[in-house]
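Structure first, commentary second.
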Amino acid sequence: MTFEELLAGNAALSGEVQRSQEALKIALLTIDKLKVEVAYLRRMKYGRSSEQLEHAQLELVGGQVAQPADAPTLNTEAEGQDKSNVTSIEEGRKKRQAKQRPGLRELPEHLPRRTVVHTPQGGCTCEACGSGLREIGQDVSEVLDYEPGSFHVVRHVRPKLACAGCSTIKQAPAVSRPIDRGMAGAGLLAHVLVGKYADHTPLYRQCQIYAREGVDLQRSTLTDWVGQAARLLTPLAEAIGRYVLRADKIHGDDTPIRVLGGAGSKARTGRLWVYVRDDRASADTAAPAVWFQYSANRRGEHPARHLRNFSGILQADAFAGYHPLYESGRIVEAACWSHARRKVWDIHERQHRLTGT
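Just so you know, this note's numbering puts 320 at position 302 of the sequence shown, and the rest follows in order with no gaps.
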């Protein structure tokens with residue numbers, strides 16, 4: 019083998035080694051990336067949701083963080099009046115635990131009271147000497163009790179009045195009902211809606227609860243009532259939406275929601291869009307409000323449709339579907355520090371930093 023052939027073979031082997039090293043580096047980076055993703059998914063599903071840092075770790079931000087003040091210093095009067103607003107994680111945890119401890123609490127004053135007086139046996143006569151007894155005080159204790167809600171039937175009677183002279187018949191008009199020709203009153207409809215959406219009680223469980231009271235209602239009937247009530251509440255929901263979008267600044271976000279399919283269909287994932295008007299932290303006196311909108315997917319066309327009449331500041335995450343809203347300048351982006359902090363927290367979890375390092 020000639021010298022030139024050896025040089026060519028050496029160059030080929032060197033190139034092969036270099037390519038192998040690059041492939042190994044890519045593989046190691048891919049493995050590291052997959053490990054991070056697996057750890058993130060495990061933490062999202064099984065880990066704790068708290069993202070608090072120990073006080074020593076907070077010193078890493080900006081280099082200096084004020085320590086919790088146990089007592090005012092005596093250097094100057096100003097320093098004596100100044101107290102740190104930074105509380106250690108351990109102190110905050112102890113305060114929360116102290117608040118959560120059950121103890122004796124006064125029952126709310128607005129609740130109606132039913133007084134039961136318990137007199138001793140024998141009346142007002144002393145069993146020892148036969149003399150009369152007089153009251154010198156009372157021991158009062160209160161017990162919180164509950165009376166289950168009950169159904170009742172409202173009978174609307176409309177008498178028919180006939181004129182004896184001309185046979186004219188007069189009668190009051192029929193009473194308006196929330197659902198035309200429906201038997202549900204406004205109170206029952208409100209109870210069903212609150213049970214389903216506020217208390218998360220499915221309609222079939224509500225049917226079981228009502229059956230214990232001797233009222234047999236089918237789930238299909240309650241389902242129809244919910245749909246009819248939703249149509250009745252549509253003007254109110256639209257008014258809330260107009261009020262929210264009149265603000266100069268709103269908060270936007272979305273969350274997945276499981277949507278049941280029809281007969282023989284699988285459940286799918288829909289999207290619930292939330293728009294919030296609440297600037298009380300900036301001394302805004304306007305009443306806060308929340309506007310919800312539903313969509314079958316997470317396409318950017320949905321926030322574009324929801325916010326087509328909005329002009330102002332939108333504070334939201336970095337979802338790409340919001341980006342077209344900012345192009346014209348009609349809507350100004352205000353990013354969310356909470357979402358940005360989440361990325362920093364992911365890096366912190368990945369590096370497994372120790373306390374104070």
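Backbone N, C-alpha and C define an ideal beta-carbon position, used for all residues, glycine too.
Going along the chain, which unbroken runs of the beta strand (DSSP E) with 3 or more residues stay wholly within the segment 262 to 339? You should have 267 to 277, 286 to 295, 307 to 313 and 330 to 334.
Less than 7 Å between C-beta atoms, sequence neighbours within five positions excluded: which residues of the same chain meet that for E34? Here the question's residue 34 lines up with position 16 in the sequence shown. Around E34: no qualifying Cβ.
For A146, the residue or residues it bridges with in DSSP: Taking the sequence shown and counting its residues from 1, the one referred to as residue 146 is at position 128. Its beta-bridge partners do not exist; DSSP assigns none.
In the DSSP assignment, the alpha helix (DSSP H) including E231 goes from what residue to what residue? If you number the sequence shown from 1, residue 231 lands on position 213. Per DSSP, E231 belongs to no alpha helix (DSSP H) and is neither H nor E.
Are L240 and L221 touching if we call contact CB-CB under 8 Å? Your numbering for residue 240 matches position 222 in the sequence shown. Your numbering for residue 221 matches position 203 in the sequence shown. Yes. Within cutoff.
Would you kindly report the start and end of the unbroken alpha helix (DSSP H) that includes I349? To locate residue 349, count along the sequence shown from 1; it is residue 331. Looking at the DSSP string, I349 is not in any alpha helix (DSSP H); the run it does join, the beta strand (DSSP E), is I349 to A353.
Other residues of its chain near I268: CB distance less than 8 Å, five sequence neighbours each side excluded: Locating residue 268 in the sequence shown gives position 250, counting from the first residue. Contacts found: V262, Y293, V294, R295, F328, G330, I331, L332 and Q333.
Among all the DSSP beta bridges, which residues are the ones paired with L179? Indexing the sequence shown from 1 puts residue 179 at position 161. DSSP, once it has assigned bridges, lists K188 as partnering L179.
Where does the unbroken alpha helix (DSSP H) through Q39 begin, and where does it stop? One-based indexing of the sequence shown puts residue 39 at position 21. Looking at the DSSP string, the run of the alpha helix (DSSP H) that includes Q39 is F21 to Y64.
Tell me the residue span of the alpha helix (DSSP H) that contains A204. Within the sequence shown, the letter at position 186 stands for residue 204. For A204, the enclosing alpha helix (DSSP H) begins and ends at A204 to L211.
Using a Cβ-Cβ cutoff of less than 7 Å, which residues in the same chain neighbour L162 once the five nearest sequence positions on both sides are dropped? Taking the first residue of the sequence shown as position 1, residue 162 is located at position 144. Non-local beta-carbon contacts of L162 in its own chain, meaning distances under 7 Å to residues more than five positions away in sequence, involve L125 in chain order.
Buried or exposed: which applies to T20, given that a residue is buried once 16 or more other Cβ atoms fall within 10 Å of its Cβ? Position 2 of the sequence shown, counted from the start, is the residue given in the question as residue 20. When all chains shown are included, T20 counts as exposed.
Extent of the continuous alpha helix (DSSP H) run through H341: Your numbering for residue 341 matches position 323 in the sequence shown. It spans H341 to Y344 - the alpha helix (DSSP H) in which H341 sits, taken as one unbroken run.
Own chain, CB closer than 6 Å to V193, minus 5 neighbours either side, in chain order: Position 175 of the sequence shown, counted from the first residue, corresponds to residue 193. Excluding residues within five positions, the ones whose Cβ falls inside 6 Å are H174.
With G259 and W291 assumed to form a contact (beta carbons below 8 Å), what rounded beta-carbon distance in angstroms separates them? Here residue 259 refers to the residue found at position 241 of the sequence shown. Here residue 291 refers to the residue found at position 273 of the sequence shown. Not quite, the Cβ-Cβ distance comes to about 11 Å (not below 8 Å), so this is no contact.
Restricting to Cα atoms, I'd like to know which of E40, A336, E127 and L251 is closest to I197. By 1-based counting over the sequence shown, the position of residue 197 is 179. The shortest Cα separation from I197 among E40, A336, E127 and L251 belongs to L251.
For G213 and Q226, believed in contact at Cβ under 8 Å, the rounded distance: Along the sequence shown, read from residue 1 onward, the residue named residue 226 stands at position 208. Along the sequence shown, read from residue 1 onward, the residue named residue 213 stands at position 195. So it is not a contact: roughly 12 Å between Cβ atoms.
Proximity of A247 and L211 at Cβ, strictly below 8 Å: For the purposes of this step, residue 247 is taken as residue 229 along the sequence shown, with counting starting at 1. For the purposes of this step, residue 211 is taken as residue 193 along the sequence shown, with counting starting at 1. In this structure, A247 lies near L211, with their beta-carbon atoms less than 8 Å apart.
Presumed contact (8 Å Cβ cut-off) between A202 and W243, rounded CB distance: Along the sequence shown, one-based indexing puts residue 202 at 184. Along the sequence shown, one-based indexing puts residue 243 at 225. About 5 Å separates the two Cβ atoms, so the contact holds.
Does the Cβ-Cβ distance between R289 and R316 come in under 8 Å? The sequence position of residue 289 within the sequence shown is 271, counting from 1. The sequence position of residue 316 within the sequence shown is 298, counting from 1. Their beta carbons are under 8 Å apart, which means R289 touches R316 by this criterion.
Which residues in the same chain as A190 place their Cβ atom closer than 6 Å to its Cβ, once the five residues preceding and following it in sequence are excluded? Residue mapping note: residue 190 aligns to position 172 of the sequence shown, counting from 1. Taken in chain order, the residues that qualify are R176.
With DSSP as the reference, label D198 as helix, strand or coil. As a first step, residue 198 is located in the sequence shown; it is residue number 180 there, counting from the start. In the structure shown, D198 sits in coil (DSSP, three-state: anything other than H, G, I, E or B).
Report the CB separation of A336 from A353 in whole angstroms; it is logged as a contact under 8 Å. The count along the sequence shown starts at 1 and reaches residue 336 at position 318. The count along the sequence shown starts at 1 and reaches residue 353 at position 335. Going by Cβ atoms, the distance from A336 to A353 rounds to 7 Å, so yes, they are a contact pair.
Residues near L151 in its chain [Cβ-Cβ closer than 7 Å; skip 5 each side]: In the sequence shown, the residue the question calls residue 151 occupies position 133. Contacts found: C142, T143 and C144.
With 16 other CB atoms within 10 Å as the buried threshold, where does L179 fall? Start at 1 with the first residue of the sequence shown, and residue 179 comes out as number 161. Exposed, because fewer than 16 other Cβ atoms sit within 10 Å of the Cβ of L179.
So for R249, helix, strand or coil by DSSP? Within the sequence shown, the letter at position 231 stands for residue 249. Of the three classes helix, strand and coil, the one that applies to R249 here is helix, per DSSP.
Check this for me: beta carbons of V54 and R368, under 8 Å apart or not? The residue given as residue 54 occupies position 36 in the sequence shown. The residue given as residue 368 occupies position 350 in the sequence shown. Yes. Within cutoff.
Would you kindly check if the distance between the Cβ of P321 and the Cβ of G270 is under 8 Å? For the purposes of this step, residue 270 is taken as residue 252 along the sequence shown, with counting starting at 1. For the purposes of this step, residue 321 is taken as residue 303 along the sequence shown, with counting starting at 1. Yes, the pair counts as a contact, with Cβ atoms nearer than the cut-off.
Length of the line joining the Cα atoms of H218 and R195: Within the sequence shown, the letter at position 200 stands for residue 218. Within the sequence shown, the letter at position 177 stands for residue 195. Computed Cα separation, rounded: 26 Å.
Please report the distance separating the alpha-carbon of K284 from that of R60. For the purposes of this step, residue 284 is taken as residue 266 along the sequence shown, with counting starting at 1. For the purposes of this step, residue 60 is taken as residue 42 along the sequence shown, with counting starting at 1. So the two alpha carbons sit approximately 26 Å from each other.
Helix or strand or just coil, what does DSSP make of L221? Against the sequence shown, residue 221 aligns to sequence position 203. Judged by DSSP in its simplified three-state form, L221 adopts helix.
For R348 and A255, I'd like the C-alpha separation in whole angstroms. Start at 1 with the first residue of the sequence shown, and residue 348 comes out as number 330. Start at 1 with the first residue of the sequence shown, and residue 255 comes out as number 237. Cα to Cα, R348 sits roughly 24 Å from A255.
Just to check my reading of the structure: P306 and T287 have Cβ atoms closer than 8 Å, yes? What is that Cβ distance to the nearest angstrom? Counting from 1 along the sequence shown, the entry for residue 306 is found at position 288. Counting from 1 along the sequence shown, the entry for residue 287 is found at position 269. That pair is no contact at about 29 Å.
Cα-Cα separation between H324 and I187, rounded to whole angstroms: Position 306 of the sequence shown holds residue 324. Position 169 of the sequence shown holds residue 187. Their Cα atoms are separated by approximately 53 Å.
Could you check the C-alpha separation between Y228 and G167 for me, to the nearest Å? Within the sequence shown, the letter at position 210 stands for residue 228. Within the sequence shown, the letter at position 149 stands for residue 167. Rounded to whole angstroms, the gap between the alpha carbons of Y228 and G167 is 10 Å.
What is the DSSP secondary structure of D157, counted as helix, strand or coil? Taking the first residue of the sequence shown as position 1, residue 157 is located at position 139. Here D157 sits in coil by DSSP.
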